[in-house]
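FYI, the numbering for the sequence shown is 16 to 101, going by the working numbering.
Glycine included, every Cβ here is placed at the ideal spot set by N, Cα and C.
Notes follow the structure.
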Amino acid sequence: MDEINKEKPKNKQINIRQNKYLNNLIEQDHRNVKRRTHPMLGLKNFRGTQTLLAGIELVSMLRKGQYPQEPEYPISPAAFFYQLTA
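Structure representation (structure tokens):
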């Protein structure tokens, strides 16, 4: 590291941080992905997988407000989801 750092200005030098808990930040961020994909590990056919992924994408779009709706008839994301499932 000294060889790399000697060519860099003081504010751009690389510091090595050794802490056994630094990986926990990455694991916390990855927890949501694992929580969503864990039920999918048992899927055996394409149709079921396709349906589940479409549902996950729909929930994500609803959460972001990216679903189509008419301006004169606003509807909540939950009501929109229930209309699709009915």
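| Asked | Found |
| --- | --- |
| Rounded separation between LYS21 and TYR36 - CA only | 29 Å |
| Reduced DSSP secondary structure (H/G/I, E/B, other) of ASN60 | coil |
| CB of PHE95 within 8 Å of CB of LEU68, strictly | no |
| Nearest to ARG51 (by Cα), restricted to the options ILE19, ARG62, GLU72 | GLU72 |
| Three-state secondary structure assigned by DSSP to GLU85 | coil |
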